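Q: My numbering numbers the first residue of the sequence shown as 1 and each following residue consecutively. The beta carbon of each residue, even a glycine, is placed where N, CA and C say it ideally should be. All values reported here derive from a predicted model rather than from experimental measurement. Okay, here's the structure, questions in a sec.
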Amino acid sequence: SLVIHCAGPFHYRDTNVLKICIEAGINYIDISDYRGFTHKALEYSEAAKQAGVTAIINTGIFPGISNSLARQSVEQFDEPEEIHLSYVVGGSGGAGLTVMRTTFLGLQNPFEVWKNNKWEFVKPYSDRQVIKFPSPYGKIGVYWFDMPECLTLPTSFPVQTVTTKFGSFPDFYNHLTWMTAHLFPVSWLKNLGVVEFLSQVSYKMTQFTDKYSGTGVAIKAKVIGKKSGEKADFCSSIIHKDTATVTGIGAGGIGELILSGKLKKPGVWSVENSLSTELFERVMQSRGFVKSYGDKSVVYQPLN
């Protein structure tokens, strides 16, 4: 048996569902995307081990598939040094108000990131960087954004730096979000009524622009490190035309592996610590994805 917890935004959720599953001896996965929830969930790892419960958190698209892409890139190196995760979503992402709420909730506070072998605080939606994503997305601006990967990847891999940056297209949404993060009083961003108002307005805007931008997603996991003593980099990426659909692919693939007995690892784990690259590739193939190789890169995209 398996419980799949999808009731976000996880900024508002405690870990009672996970706790009850452990007590009942039922395996668990979720699509949580909030660092605070991730931190609390990982504290139940020993209890889950004792109960023989496999609990895997953050199993959607980002976090989730993004973690597996990072792992795949890390595995190309003898000495991985830096992980740079970049995500971009078209308009609403096909997930209704969810992406809007999560975006605005993520603007509330500075957050800790692992940079140059130490933790330091950065401001949300700062330090714009233009990243070239696989076709048809091309060059899109991304900004610092608080994600669970900020917490889990530095403890999973011996790297010096982990960055997680997010952006939207059309690009004017990025500028509006930047203005919200840097010009609005912090008290407004922490007011749930204001967050809901901003989410509703943004969603109504995307109902118009989605017709032109689509609701797709692209993720790029770039790792820099040393291989055979030489400095190198490698990118693992994924593209899909609908963010909500591929979130289900990430969670559903892991759920299927648990139910079939192919993935059993008692404890509470992030995706990169529970799903091997071999199993990840099997999941992607079974869901109709194909791999295309480039110079120091691999891209997963749907066959149709």
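Return the chain-ordered list of same chain residues with a C-beta closer than 7 angstroms to the C-beta of T103, the five sequence neighbours on each side being excluded.
A: T177
Q: Entirely within the segment 202-271 and at least 4 residues each: give me those alpha helix (DSSP H) ranges in chain order.
A: 243-259
Q: With a CB to CB cut of under 7 angstroms and the five nearest residues on each side skipped, what residues in its chain are close to I224?
A: E81, E82, D233
Q: Just checking my contact of T209 with G93 at CB under 8 angstroms: how many whole Å lie between their CB atoms?
A: Incorrect: roughly 12 angstroms between the Cβ atoms, too far for contact.
Q: Could you tell me which residues DSSP pairs with V122 in its beta bridges?
A: Answer by DSSP bridge pairing, in chain order: F111.
Q: Near Y137, what residues of its chain come up, given a Cβ to Cβ distance below 6 angstroms and the 5 sequence neighbours on each side ignored?
A: Listed in chain order, the non-local C-beta contacts of Y137 below 6 angstroms within the same chain comprise A218, local neighbours out to five positions each way being set aside.
Q: Taking V271 and G64 to be in contact with their CB atoms under 8 angstroms, please state how far apart those CB atoms are, rounded to whole angstroms.
A: Yes, they are in contact, since the Cβ atoms of V271 and G64 sit about 6 angstroms apart, within 8 angstroms.
Q: Taking contact to mean 3 or more Cβ pairs, one atom from each stretch, closer than 8 angstroms, check whether the segment 236-247 and the segment 40-57 are in contact.
A: no
Q: Have a look at Q285, L259, Y300, F280 and flag the residue whose alpha-carbon is nearest the alpha-carbon of V3.
A: L259
Q: Return the bridge partner residues of I387 from the DSSP annotation.
A: Residue 387 lies beyond the stretch modelled for the chain, which goes from 1 to 304, so this question has no answer here.
Q: Beta-carbon within less than 6 angstroms of Q301's beta-carbon, same chain only, minus the 5 sequence neighbours each way: which residues are those?
A: I239
Q: Run the CB neighbour count on D295, radius 10 Å, all protein chains shown included, and call it buried at 16 or more, exposed below.
A: exposed
Q: Which residue comes first and which comes last in the alpha helix (DSSP H) that contains F104?
A: 98-105
Q: Take F111 and list the residues in its own chain whose beta-carbon comes closer than 6 angstroms to its own, dropping the five residues that flank it on each side.
A: The answer, listed in chain order, is D146.
Q: Where does the unbroken beta strand (DSSP E) through E43 begin, and where does it stop?
A: Per DSSP, E43 belongs to no beta strand (DSSP E) and is neither H nor E.
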